[in-house]
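In my numbering, the protein residues as written are 59 to 477.
Glycine residues also receive a C-beta, built at the ideal position from the N, C-alpha and C atoms.
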Amino acid sequence: MGERRHARPRFSVESVGRVRAGRPGGAARLASGAPPPARPGKRCARRELERRRRRMIARGLSAAGLVVLIVGCQSAGPHERATAAATERWSLTRAAVKAKLAADEFQAGRFEEAESAVTEARDLDPENTEYQILQARVLLAAGKEAQAERILTALPNDSTLSPEALYLFGILAQQRLRWHDALQYYEAALDARPDDTAYLTAVVQALLQLDRPEQALATLRRAEPLVGWTPAYFAALAECHEHMEHWAAAAAAWRRAVSGGNDAESVERLALAQFRAGQWEAAIESFAELRALRGSLSTHAEIANAESLLEVERFDDAQKALARVLRMKPRSAAALRLLARVYWATDRPNQAVEAIEKAAYAAPNDPRTIEMAAAMAYAGGQTRLAEEMARRAKALAPNGASEIADRILALAKGGDRQP
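As structure tokens, this is what we get:
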């Protein structure tokens, strides 16, 4: 059986050109009679397929990795941000608690504890200028001026103009006795916050230190509509009157100042102003109130209380008050002078002379005490002691001019017992 051969179909040039029209140059090659390009072998074709497969796998892995990276970032980012935000909030909360503790310790006068607490607050919230200012205030109160100054000068420019910072710069200048500089800082703080009694008080005190009480009073009058009802305002007003020795006005202002509370220092200032104004009964009542607050009186206050009691002829109470002073200070010339007056007023001249002689030796350079000793000694019949004291009084007096001493010496020669 012979081999069957298939007849090769015949194609025209035109039909072949149409079939290969999709290939570049196909029709031109057929028309020109050029042989078709050689086809790659099977092995080459497999290699090409393998390369394509690998490229596709590589592209797939790269795309998958990019997707994983994007998804991973999107899922981890919010969590990390939330954690960081929570940590920051917690730090700020702790800082606020520490700052509050520092303020409380500062008000209680425990400056070391306050410094420790505010330092922790600043470590937790270093950008908070309020904590920075609080730290400077604590350091100033603790006497650490150099450290406080470094903190204040390190404040941002906008914060150094804050009223509290200006006030602290004023305190720093005041502690260095630079009263003009302190006044400028205080006035700037008061201009920024005219209803703050601390700034007002600071301005008034600086003006009084500069011996400008009239300007201090004018400052208080301007502030009266804003703070004229506060104890701090009346205390500042009282200090102005004290500076000008207007004791009755000072006493009235101190009475208004203490009406809002039991401030022992203000009560003492009230009692002393009443004493200097000659308001003896009122002063005695205020000293009694002060004793109830403190449990006891200072030496200065007790002596003023004793003199008030002496002026209203409460001699026994006056002697008891002086005994309390002399237990603490046996050589107190002021107390011994008053005791001598109590003895003299109660017809005990010998004891009076003994007391005034002790006062004279306790204050040997006080002309007032020496003259009083000379007069009492002479009136008590102790002429030799009187003459000795009179000569000492003349030696202490300017140019030897002592009217009392001259009279006693003259009377001693004539035998008169009434100096």
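Does the beta-carbon distance from residue i to residue j come in below 8 angstroms?
{"i": "TYR419", "j": "LEU469", "result": "no"}
{"i": "LEU328", "j": "ALA309", "result": "yes"}
{"i": "GLU415", "j": "LEU443", "result": "yes"}
{"i": "ALA362", "j": "LEU330", "result": "yes"}
{"i": "ALA293", "j": "ALA315", "result": "yes"}
{"i": "ALA194", "j": "ILE209", "result": "yes"}
{"i": "LEU213", "j": "THR187", "result": "yes"}
{"i": "VAL370", "j": "TRP402", "result": "no"}
{"i": "ALA417", "j": "ARG395", "result": "yes"}
Comparing alpha-carbon positions, which option in the options lies nearest residue i?
{"i": "ALA392", "options": "TRP338, ALA246, HIS358 and VAL370", "result": "HIS358"}
{"i": "VAL400", "options": "LYS416, ALA417 and ASP374", "result": "ASP374"}
{"i": "TYR225", "options": "ALA410, ALA212, THR259 and ALA200", "result": "THR259"}
{"i": "ARG168", "options": "LEU197, ASN363 and THR427", "result": "LEU197"}
{"i": "THR211", "options": "VAL411, HIS238, LEU230 and ALA274", "result": "LEU230"}
{"i": "ALA157", "options": "GLU203, THR141, LEU235 and VAL176", "result": "VAL176"}
{"i": "SER220", "options": "TRP237, ASP249 and ARG208", "result": "ASP249"}
{"i": "ALA256", "options": "TYR291, ALA144 and ARG280", "result": "TYR291"}
{"i": "SER356", "options": "VAL370, ARG372, LEU380 and GLU371", "result": "LEU380"}
{"i": "ARG234", "options": "ARG251, ASP253, ALA204 and ASP254", "result": "ALA204"}
{"i": "VAL411", "options": "VAL285, ALA154, MET447 and GLU326", "result": "MET447"}
{"i": "LYS387", "options": "PRO407, GLU365, GLU360 and ALA143", "result": "GLU360"}
{"i": "TRP287", "options": "GLN332, TRP305, ALA311 and ALA166", "result": "ALA311"}
When burial is assigned at 16 or more other CB atoms within 10 Å of the CB, is residue i buried or exposed?
{"i": "THR277", "result": "buried"}
{"i": "MET430", "result": "buried"}
{"i": "HIS137", "result": "exposed"}
{"i": "GLU37", "result": "An answer regarding residue 37 cannot be provided, because it is not within the stretch 59 to 477 covered by the chain."}
{"i": "SER354", "result": "exposed"}
{"i": "GLU170", "result": "exposed"}
{"i": "ALA143", "result": "exposed"}
What is the DSSP secondary structure of residue i, reduced to helix, strand or coil?
{"i": "ALA335", "result": "coil"}
{"i": "ASP254", "result": "coil"}
{"i": "ARG139", "result": "helix"}
{"i": "ASN408", "result": "helix"}
{"i": "ARG147", "result": "helix"}
{"i": "ILE115", "result": "Note that ILE115 scores a pLDDT of 49, beneath 50, so its modelled location is shaky; the value from the coordinates is reported in the next line. Three-state result, ILE115: helix."}
{"i": "SER460", "result": "coil"}
{"i": "ASN186", "result": "coil"}
{"i": "TRP305", "result": "helix"}
{"i": "ARG180", "result": "helix"}
{"i": "VAL196", "result": "helix"}
{"i": "LEU348", "result": "helix"}
{"i": "TRP287", "result": "coil"}
{"i": "SER317", "result": "coil"}
{"i": "VAL370", "result": "coil"}
{"i": "ASN363", "result": "helix"}
{"i": "ALA433", "result": "helix"}
{"i": "PRO221", "result": "helix"}
{"i": "GLN440", "result": "coil"}
Can you give me the C-alpha to C-alpha distance between residue i and residue j, rounded to a whole angstrom?
{"i": "GLU282", "j": "ALA246", "result": "18 angstroms"}
{"i": "LEU348", "j": "LEU367", "result": "15 angstroms"}
{"i": "TYR244", "j": "GLY228", "result": "6 angstroms"}
{"i": "ARG152", "j": "ALA421", "result": "60 angstroms"}
{"i": "LEU451", "j": "PHE345", "result": "Rather than Leu, the amino acid found at residue 451 in this sequence is Ala. C-alpha separation (whole angstroms): 34 angstroms."}
{"i": "ARG334", "j": "THR427", "result": "20 angstroms"}
{"i": "ALA453", "j": "GLN267", "result": "35 angstroms"}
{"i": "GLU16", "j": "ARG382", "result": "Because the chain is modelled from 59 through 477, residue 16 falls outside the range shown and cannot be assessed."}
{"i": "THR145", "j": "GLN232", "result": "42 angstroms"}
{"i": "LEU192", "j": "ARG372", "result": "51 angstroms"}
{"i": "PRO456", "j": "ALA172", "result": "54 angstroms"}
{"i": "PRO252", "j": "HIS238", "result": "20 angstroms"}
{"i": "SER149", "j": "ASN320", "result": "40 angstroms"}
{"i": "GLU163", "j": "ALA240", "result": "26 angstroms"}
Is residue i near the ligand FMN, with its Cβ less than 7 angstroms from a heavy atom?
{"i": "GLU300", "result": "Among the components modelled here there is no ligand, and therefore nothing to report on the ligand FMN."}
Are the C-beta atoms of residue i and some chain D residue less than 8 angstroms apart?
{"i": "PRO136", "result": "The structure shown contains no chain D; it holds only a single protein chain."}
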